[in-house]
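Each residue of the sequence shown is one higher than the one before, counting from 47 in the working numbering.
The beta-carbon is built from N, C-alpha and C at its ideal position, and this holds for glycine as well.
Remarks on the structure that follows.
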Amino acid sequence: MKNLSGRVAFITGGASGIGLGIAGALVDAGMKVVLADLRQDHIDEALAGFERQGRRQSVHAIRLDVTDRAAMAAAADETERVFGKVHVLVNNAGVGIQGPFRGITYEDWDFGLAVNLGGVVNGLQTFLPRIRSHGEGGHIVNTASLAALVPMPAQFVVYVAAKSAVIAISETIRGELAQEGIGVSVLCPGPVRTNIHEVAKNRPGKFGVGEAFRQAEQSGATQVPFPSMMEPSEVGKLVLRAIQNDELYVITHGEWRPMVEARLAAILAAMPTKLDPALVAMLQGRQAEGGK
Ligand SMILES: NC(=O)c1ccc[n+]([C@@H]2O[C@H](COP(=O)([O-])OP(=O)(O)OC[C@H]3O[C@@H](n4cnc5c(N)ncnc54)[C@H](O)[C@@H]3O)[C@@H](O)[C@H]2O)c1
47 MKNLSGRVAF
57 ITGGASGIGL
67 GIAGALVDAG
77 MKVVLADLRQ
87 DHIDEALAGF
97 ERQGRRQSVH
107 AIRLDVTDRA
117 AMAAAADETE
127 RVFGKVHVLV
137 NNAGVGIQGP
147 FRGITYEDWD
157 FGLAVNLGGV
167 VNGLQTFLPR
177 IRSHGEGGHI
187 VNTASLAALV
197 PMPAQFVVYV
207 AAKSAVIAIS
217 ETIRGELAQE
227 GIGVSVLCPG
237 PVRTNIHEVA
247 KNRPGKFGVG
257 EAFRQAEQSG
267 ATQVPFPSMM
277 EPSEVGKLVL
287 RAIQNDELYV
297 ITHGEWRPMV
307 EARLAAILAA
317 MPTKLDPALV
327 AMLQGRQAEG
337 GK
C-alpha cells in the first residue's frame, strides 16, 4: 500500500513496545490508528504520549483481549464507527511466555497458544472479511519472532510453536490475498526494548499458570539480558516500509544469520538428491504459476 494517508490501522498490543512503535510510524505516515490493548496502564501512558506530541486526534484506544472473539468483533465495529474502514491490520499482541519444559502444564500451553497464535487467528477472522468487503485493498502485518527461525532452548517451546505458526500463516495466505490487493508481512524481531517480560501482568484471569512457569516469572527469569536492544520506533519504521513496499519478511537483526544458515543447511542436507523427473516437472509448473 503506497498511499496510507487518511487510512485506518488496527494494532493489537498497540499501547506498548513494538506495537506502539508501529503506531507512531503509521501516524507519521498520516494514518488514523487504533491501539487495541489488554492493559489500561499501557493505554493511559500511550495516549498521554500522543497527547504530548500533539497527535492525540490520530489515535483511538480500545481495551481488548485478543483471545476474546466477541470483543474483537466489537472492537472492529468501534473502529469503523470512530475512524471508518480498516485498511491495515497489525496482529502484534503477544506474551513472552517461557519456563522449564519439564514442568510445563496444559495451562501454560493454552495461555501461550491462545494469545500468540489464537490472537493472530482471531484478528484475521475478524478483520479480513471487512477489508475484503470495502474492496480498496489493505495490508496485514503479523508479529512473529526471530526465535522461530533459529534453534531455541526448550524453555521457549510454547512461544516458538506459536510464532512458527504465525510465520507459516503469513507465508501461506500471502499468495491468495495478493490477488485481492491485500499485502502480508511477517515481522520477526530480535531483541527490542519493550515490556515483553511482564508475562504475569498480561495473563487474563481466565487463563491459569503451572507452578514451574509461575516460579520462573516471579524469579525474573523471563527477562533475557542482551548487550543491545533495538528501539521500538526503529521497528516501526521497518514495518511502515514493509507495508509501503509489500515486503513479506521484516527481520530486525542480522546477528542470527549463522544460526538461520545452519538450520537451512541441515534441512537441505536431509533432502534426498535422487528425484522423480515427473514430480519435478509438476512442481516447476506450479512454481511458474506462482506457487499454487
Ligand atoms: N521485544 C522483543 O524483543 C520481541 C522479540 C520478538 C518478538 N516480539 C513480539 O513482539 C510483539 C510485541 O511485544 P513487545 O515486545 O512490544 O512487548 P510489550 O509487552 O511491550 O507489548 C505487548 C503489548 O501487548 C499487550 N497484550 C498482551 N496480551 C494481550 C492480549 N491478550 N490482548 C491484547 N493485548 C495484549 C500488552 O498489554 C502490551 O501492551 C509480541 O508478539 C512479541 O512476542 C518481541
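Can you find the residues in the same chain that come closer than 8 Å, C-beta to C-beta, to E301, ignoring five residues on each side of it along the sequence?
By one-based count along the sequence shown, residue 301 stands at place 255. Cβ neighbours of E301 beyond the five flanking positions: G236.
**OP:** Grab me the residues of V212's own chain with a C-beta within less than 6 Å of its C-beta, minus the 5 sequence neighbours each way, in chain order.
**Re:** Here residue 212 corresponds to residue number 166 of the sequence shown, with the count starting at 1. V166, N188, A190.
Would you report the Cα separation of V255 and A117, rounded to the nearest angstrom?
Position 209 of the sequence shown, counted from the first residue, corresponds to residue 255. Position 71 of the sequence shown, counted from the first residue, corresponds to residue 117. The C-alpha of A117 is placed about 23 Å away from the C-alpha of V255.
task: Report the three-state DSSP secondary structure of A316 (helix, strand or coil).
output: In the sequence shown, counting from the first residue as 1, residue 316 sits at position 270. Assignment of A316 by DSSP, reduced to helix, strand and coil, places it in the coil class.
Checklist line | Beta-bridge pairing of H106 - partner residues as DSSP gives them | finding: Here residue 106 refers to the residue found at position 60 of the sequence shown. DSSP, once it has assigned bridges, lists V80 as partnering H106.
Check whether the Cβ of L195 lies closer than 7 Å to any heavy atom of ligand 1, and answer yes or no.
As a first step, residue 195 must be located in the sequence shown, where it is residue number 149. The answer is no for L195.
Can V238 and G63 be called in contact, C-beta distance under 8 Å? On the sequence shown, residue 238 is found 192 positions in, with the first residue counted as 1. On the sequence shown, residue 63 is found 17 positions in, with the first residue counted as 1. Taking a C-beta distance under 8 Å as the contact criterion, V238 and G63 qualify as a contact pair.
Report the rounded CA-to-CA distance for T125 versus K78, giving the unit in angstroms. On the sequence shown, position 79 is the one that residue 125 refers to. On the sequence shown, position 32 is the one that residue 78 refers to. Spanning the two alpha carbons is a distance of roughly 10 Å.
Checklist entry - Per the contact definition of three or more C-beta pairs closer than 8 Å, is the segment 224 to 236 in contact with the segment 283 to 300? => result With contact defined as three or more Cβ pairs closer than 8 Å, the segment 283 to 300 and the segment 224 to 236 are in contact.
Going by C-alpha distance, which of D154, T240, G149, Q144 is nearest S274?
Walking along the sequence shown from the start, residue 274 turns up at place 228. Put simply, of D154, T240, G149, Q144 the residue whose alpha carbon is nearest the alpha carbon of S274 is T240.
Return the residue from the list M328, G282, V136, F259 that minimises the CA-CA distance to G142.
Along the sequence shown, read from residue 1 onward, the residue named residue 142 stands at position 96. Here the closest residue by C-alpha is F259.
*asked:* Taking contact to mean 3 or more Cβ pairs, one atom from each stretch, closer than 8 Å, check whether the segment 64 to 74 and the segment 106 to 120 are in contact.
replied: At 8 Å Cβ cutoff, the stretches do not touch.
Considering only DSSP beta bridges, list what S231 is partnered with. Indexing the sequence shown from 1 puts residue 231 at position 185. Paired residue(s): V187.
Please confirm whether H133 and M47 have their CB atoms less than 8 Å apart.
-> Counting from 1 along the sequence shown, the entry for residue 133 is found at position 87. Counting from 1 along the sequence shown, the entry for residue 47 is found at position 1. Using a Cβ distance threshold of 8 Å, H133 and M47 count as a contacting pair.
**Item:** Any non-hydrogen atom of ligand 1 within 7 Å of L377 CB
**Value:** With the chain covering 47 to 338 only, the question about residue 377 has no answer from this structure.
### Query
N291 lies in the alpha helix (DSSP H); which residues open and close that run?
Residue numbering aside, residue 291 sits at position 245 when the sequence shown is read from its first letter. Looking at the DSSP string, the run of the alpha helix (DSSP H) that includes N291 is 278 to 291.
Using only the alpha-carbon positions, how far apart do P278 and I242 sit? Taking the sequence shown and counting its residues from 1, one reaches residue 278 at position 232. Taking the sequence shown and counting its residues from 1, one reaches residue 242 at position 196. In a straight line, the C-alpha of P278 is about 12 Å away from that of I242.
Given the structure, does V141 come close to ligand 1, in the sense that its CB is under 7 Å from one of the ligand's heavy atoms? On the sequence shown, position 95 is the one that residue 141 refers to. V141: yes, Cβ under 7 Å from ligand 1.
Handout entry: Exposed unless 16 or more other CB atoms sit within 10 angstroms - verdict on E265
Key = In the sequence shown, the residue the question calls residue 265 occupies position 219. It should be pointed out that residue 265 corresponds to Ser in this sequence rather than to Glu. Burial call: exposed.
Quick one: what's N137 bridged to in DSSP? Within the sequence shown, numbered from 1, the residue matching residue 137 stands at position 91. Answer is N188.
Measure from the alpha carbon of A311 to the alpha carbon of each residue in G282, A288, L329, P197, then state which is nearest. Your numbering for residue 311 matches position 265 in the sequence shown. It is P197.
Cα-Cα, which of G145, A208, E182, H106 is closest to N162? Working through the sequence shown from its first residue, we reach residue 162 at position 116. Measuring from the Cα of N162, the nearest candidate turns out to be A208.
Item to check | Residue range of the beta strand (DSSP E) that includes T125 | outcome: Start at 1 with the first residue of the sequence shown, and residue 125 comes out as number 79. First-last for T125: 115 to 128, but that is the alpha helix (DSSP H), not the beta strand (DSSP E).
Going by Cα to Cα distance, which pick from F173, V105, V112 is closest to G76? Counted from its first residue, the sequence shown places residue 76 at position 30. Answer by Cα proximity: V105.
_Same chain, Cβ closer than 6 Å to A246, five either side skipped, listed in chain order_ = By one-based count along the sequence shown, residue 246 stands at place 200. Residues of the same chain with a CB within less than 6 Å of the CB of A246, apart from the 5 flanking positions on each side, are E263 in chain order.
_Quick check on D111: buried or exposed, where buried means 16 or more other Cβ atoms within 10 Å of its Cβ?_
Within the sequence shown, numbered from 1, the residue matching residue 111 stands at position 65. By the neighbour-count rule (16 or more Cβ atoms within 10 Å), D111 is buried.
### Query
Is there at least one non-hydrogen atom of ligand 1 closer than 7 Å to the beta-carbon of V112?
The residue labelled residue 112 in the question sits at position 66 within the sequence shown. True, at least one ligand heavy atom lies under 7 Å from that Cβ.
Determine the contact status of H185 and I108, defining contact as a CB-CB distance below 8 Å.
In the sequence shown, the residue the question calls residue 185 occupies position 139. In the sequence shown, the residue the question calls residue 108 occupies position 62. A distance of 8 Å or more separates the beta carbons of H185 and I108.
> Is V196 helix, strand or coil by DSSP?
Replying inline: Translated into the one-based positions of the sequence shown, residue 196 becomes position 150. Note: V196 maps to coil in three-state DSSP.
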